[in-house]
Amino acid sequence: MNTGRYCSSAFVMPAPETPITSNTGGSQQQLDAMIADSTVPIFAPIAVAMGIDPLAFAIIGIVAIETGLLTPPFGLLVFTVKAAIQDPAIGVGKIFAGAMPYWALLLAVIACLWYFPAIATYLPGLLKVKT
Numbered sequence: 000m001n002t003g004r005y006c007s008s009a010f011v012m013p014a015p016e017t018p019i020t021s022n023t024g025g026s027q028q029q030l031d032a033m034i035a036d037s038t039v040p041i042f043a044p045i046a047v048a049m050g051i052d053p054l055a056f057a058i059i060g061i062v063a064i065e066t067g068l069l070t071p072p073f074g075l076l077v078f079t080v081k082a083a084i085q086d087p088a089i090g091v092g093k094i095f096a097g098a099m100p101y102w103a104l105l106l107a108v109i110a111c112l113w114y115f116p117a118i119a120t121y122l123p124g125l126l127k128v129k130t
C-alpha cells in the first residue's frame, strides 16, 4: 500500500492514488487556542478596566491572532497554502505578496472594531432577551 511521503509535519504529499489530506486546520486551531489561553488572562481585565466591551475585545483578539498568522515571520497560513500548491513556480514570497491586501483589510477591520465596538456587539445584542 502506497500511502505517500511526508514533506512536513502538517501536510502529506499524496501518492498518485491517494487523495490530498491536510491537518493544518487543527494545528492552526491549536495555535489560536494557545495564543488566546496565554493572553486573555492578562489583557481581558485590563480591557474591561479601560471600559472596552468584553465581547468586542474578544472579537478584536481573534481577528488580531488571524492577522498575525498571515504575516511574517511566522505566516502559518501562507505556509499552509504553499504546502497545498503543487506548482514549484509559485514561491512563498509570491504568496506573501498576494496575502498583503487581505492583511491590510484585516488591520482596517481591527481599527473599525476598536473605534466602533458596536459592530462586534450588534448581532449578539439582538439575541438578548428583553424583559
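Mapping of the sequence shown onto the numbering used here: position 117 corresponds to residue 116, and the numbering continues sequentially without gaps. The beta carbon of each residue, even a glycine, is placed where N, CA and C say it ideally should be. All values reported here derive from a predicted model rather than from experimental measurement.
Residue closest to residue 38, alpha-carbon to alpha-carbon, out of 52, 63, 98 and 51: Measuring from the Cα of residue 38, the nearest candidate turns out to be 63.
Looking at the ligand FAD, does it come within less than 7 Å of residue 87, judged from the CB to the closest heavy atom? Summarising the ligand content, the structure contains no ligands, and the ligand FAD is consequently not present.
Would you report the Cα separation of residue 67 and residue 121, rounded to the nearest angstrom? 26 Å
Whole-angstrom C-beta distance between residue 98 and residue 77, which should lie under 8 Å: 6 Å
Does residue 90 come out as helix, strand or coil in the three-state DSSP assignment? Here residue 90 sits in coil by DSSP.
Note down the Cα distance separating residue 79 from residue 65, rounded to an integer number of angstroms. 13 Å
I'd like the ranges of any alpha helix (DSSP H) spanning at least 4 consecutive residues and lying wholly in the segment 70-120. Those alpha helix (DSSP H) runs which fall completely within the segment 70-120 and span 4+ residues are 75-83 and 91-114.
Using only the alpha-carbon positions, how far apart do residue 87 and residue 95 sit? 15 Å
Across the segment 112-119 and the segment 45-59, are there enough close Cβ pairs to call them in contact, namely three or more that are closer than 8 Å? yes
What are the start and end residues of each continuous alpha helix (DSSP H) run of 4 or more residues lying completely inside the segment 23-66, in chain order? 23-48
What is the DSSP secondary structure of residue 126, reduced to helix, strand or coil? coil
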